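In mature numbering (1 follows the signal peptide of the UniProt record, and there is no 0), the protein residues as written are -20 to -1, 1 to 82.
Beta carbons: idealized from backbone N, C-alpha and C, even for Gly.
Predicted model, so just to flag it, every value in this text is computed and none were measured.
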Amino acid sequence: MSSKIALALLVVMTVTVVYAGHVHHDEGWGWSHPKYKYSYGVKDSHTHDEKHASEWRDGGNVGGHYALREPDGTWRTVTYWADKGGFRAKVDRSHHHHGWSG
């Protein structure tokens, strides 16, 4: 019984050492260069809910924006980006929505 436990521990230790040798090559969650892009929009005539959003990521850089109609009818648009310099956002409000390109 103890020889089976010792063998199991040896296998686990060997696998751990081999796997640990590859971990340092990856960024973040293990992807070598994460990249994505998405967008969506909602326009509900019953609730009058209207909003749009879009985001992208390319490696360590992330950016996006979203716009939503406030209860008073104005639009709030937020544009944001993050990189090695940190997170930044710009918020605008207007009475007119200038369309959407997600």
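Residue i versus residue j - alpha carbon distance
{"i": "residue 162", "j": "W36", "result": "It is not possible to answer for residue 162, since the shown part of the chain is limited to -20 through 82."}
{"i": "G53", "j": "K64", "result": "36 angstroms"}
{"i": "K17", "j": "D72", "result": "23 angstroms"}
{"i": "R49", "j": "T59", "result": "15 angstroms"}
{"i": "P51", "j": "S12", "result": "43 angstroms"}
CB of residue i within 8 angstroms of CB of residue j, strictly
{"i": "W55", "j": "S74", "result": "yes"}
{"i": "D29", "j": "K15", "result": "no"}
{"i": "Y47", "j": "H26", "result": "Correcting the residue identity first, residue 47 is Ala in this sequence and not Tyr. No, these two residues do not count as a Cβ contact at 8 angstroms."}
{"i": "W61", "j": "G40", "result": "no"}
Quick one: complete beta strand (DSSP E) runs, 3+ long, within the stretch 25 to 66? The qualifying runs are 30 to 38, 41 to 49, 55 to 63.
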